[in-house]
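A quick write-up on the structure given underneath.
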Amino acid sequence: MTEEQTLAAALEREHREIDAGIQAFLASCENGAPESEPLLRAMDALRRHIYLEEAILFPPLRDAGLFAPILVMLREHGEIWSTMEDLATQLGVAHGGGPSAERCRTLLAQLEQHNLKEEAVIYPHADTALSTDLDAELHAFLATGRMPLGWVCEQSRG
Ligand SMILES: [Fe+2]
Ligand SMILES: [Fe+2]
0 MTEEQTLAAA
10 LEREHREIDA
20 GIQAFLASCE
30 NGAPESEPLL
40 RAMDALRRHI
50 YLEEAILFPP
60 LRDAGLFAPI
70 LVMLREHGEI
80 WSTMEDLATQ
90 LGVAHGGGPS
100 AERCRTLLAQ
110 LEQHNLKEEA
120 VIYPHADTAL
130 STDLDAELHA
140 FLATGRMPLG
150 WVCEQSRG
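Residue numbers (numbering that gives the first Met the number 0): 0 to 157.
In structure tokens:
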């Protein structure tokens, strides 16, 4: 198996792609012609990424003993989710709106802190602690999986 095919590498690549989409939106704002499409795609990808982590990846890692770090990841997902909800609300404002660059910078900063920890503390275990079946399930989800409609992250459930 090549490095790129490991689960950790695939998840890290999603982190980079999501960051790039948010940065593309920010760049378009700085050019005076905000283009929300890359931001919308990045937020869809981020929601799906968080779903994959919370619904498929984290439970077996928690069972393997990573209880405390996963609690931190879930709390940070809640903060990230809330920033995305702000941005989605701003995107839905018909007049005088549009997502603010400031909230996008907040999202990027939250992701930077979160992803650093996740990549250092959680993902290495994704390559060693999961069964072959679960590893295959995660790779299949990365290729074609969809988040269930209306799903929200654990910390954002009312
Ligand atoms: Fe995460
Ligand atoms: Fe992640």
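Ideal Cβ positions, reconstructed from N, Cα and C, are used throughout, including at glycine.
Check                                                                                                      : Outcome
L10 beta carbon near ligand 2 (any heavy atom closer than 7 angstroms)                                     : yes
Inter-residue spacing [alpha-carbon to alpha-carbon] between C28 and Q22                                   : 10 angstroms
Pick from A26, G149 and L137 that is closest to P59, judged by C-alpha positions                           : L137
Among K116, L65 and L25, the one whose alpha carbon lies nearest that of E101                              : L25
Near ligand 2: E75 beta-carbon under 7 angstroms from a heavy atom                                         : no
Cα-Cα separation between H48 and H76, rounded to whole angstroms                                           : 10 angstroms
CA-to-CA distance, G91 to R61, given in whole angstroms                                                    : 37 angstroms
Contact the stretch 6-18 vs the stretch 114-125: 3+ CB pairs below 8 angstroms                             : yes
Per-residue burial, G20 [other beta carbons within 10 Å of its own, 16 or more giving buried]              : buried
At least 3 beta-carbon pairs within less than 8 angstroms: the stretch 121-136 vs the stretch 31-39        : no
Cβ-based neighbour list, R145, same chain, cut-off 6 angstroms, excluding 5 preceding and 5 following      : none
Cα-Cα separation between Q109 and L56, rounded to whole angstroms                                          : 21 angstroms
Nearest-angstrom beta carbon gap, H113 and L65 [assumed within contact, 8 angstroms]                       : That belief does not hold up - the Cβ atoms of L65 and H113 are roughly 15 angstroms apart, past 8 angstroms.
Neighbourhood of T143 by C-beta, 8 angstroms cutoff - its chain only, sequence neighbours within 5 removed : none
Spatial distance of L51 from F140 (CA atoms)                                                               : 8 angstroms
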